[in-house]
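So in the numbering used here, the last spot in the sequence shown is 274, and the numbers never skip.
Worksheet: the structure to be examined is printed underneath.
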Amino acid sequence: MEQLTTYRAKGKEIGLIFLFKYDLDGNLKLFEISEGELNGKQMKWLFSETNFPANESIIKAIWMKDEKYTKVFEINISPADLSFESGWIIYNHKLAKQDAEKSFKKMSEAEKIKFFLSLVPYERYLKTSGIAKCHMATYINKRYYDNEYPEAVSTKNFNPMIAEFAKSKTTRRV
101 MEQLTTYRAK GKEIGLIFLF KYDLDGNLKL FEISEGELNG KQMKWLFSET NFPANESIIK
161 AIWMKDEKYT KVFEINISPA DLSFESGWII YNHKLAKQDA EKSFKKMSEA EKIKFFLSLV
221 PYERYLKTSG IAKCHMATYI NKRYYDNEYP EAVSTKNFNP MIAEFAKSKT TRRV
């Protein structure tokens, strides 16, 4: 479950409603036409390079401030849920809830965003390293969300001497 900020752009005169969902880094994760259908002219306008809000900064800086867009669209924002309950569900290690909640409440909003952004790399790191998952309170108190987890652990051995040694150890002599 990823934390997404949703922008609902409702056409004031046209019967269209667009949903743009961005992750906490501002990258577009989902675009949906929830009401209405685009005609050819509208498609050409929306999907042109200058109009389509491919990242959150475009919708904030242009769609919500430029009169050209504010005349046509009414935009509502549903921010990402940065609550303890959503963090508890996403972290998914349901031990020591009171300690975790106490630690979570002390965090600033910036730290909470870092916390949510770090969960996917942390999970990937745990799978590849075989290390056990710590309690959520420990993760917060020791600031594990500040760690830079490796993208992928490579298991291939490129040293020919070690490869030859490993091969000789695995072949049986009869």
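Backbone N, C-alpha and C define an ideal beta-carbon position, used for all residues, glycine too.
According to DSSP, simplified to helix, strand and coil, what is residue i?
i	result
L195	coil
L130	strand
N241	helix
E149	coil
E185	helix
D246	helix
A200	helix
E251	coil
K160	helix
K206	coil
K141	helix
K168	helix
Mind checking who residue i pairs with in its DSSP beta bridge?
i	result
G111	F173
Y122	T105 and L128
S178	T106
N155	N127
I117	K110 and E135
Whole angstroms are fine: how far does the CA of residue j sit from the CA of residue i?
i	j	result
K129	T238	30 Å
M236	E132	34 Å
K327	N127	In the structure as shown, the chain starts at 101 and stops at 274, and residue 327 therefore has no counterpart that could be examined.
R224	Y245	13 Å
E113	E251	47 Å
L146	F152	6 Å
E167	E174	11 Å
G136	K110	10 Å
I231	Y249	13 Å
L226	K206	26 Å
A210	D125	12 Å
C234	H193	8 Å
S229	S178	36 Å
S208	S186	16 Å
So which of the options has the shortest CA-CA distance to residue i?
i	options	result
D123	K141, A154 and N139	A154
V220	I177, N247, L116 and T106	N247
K212	F184, I177, Q198 and T170	F184
S218	S203, F118, K205 and I240	I240
K242	D181, A200 and A180	A200
T150	E135, N139 and Y169	Y169
W163	A196, W188, G140 and F118	F118
E102	D181, A210 and S208	D181
E156	T106, C234, S148 and K214	T106
I190	Y222, F120, L138 and K144	Y222
Which residues mark the beginning and the end of the alpha helix (DSSP H) in which residue i is found?
i	result
F215	E209 to S229
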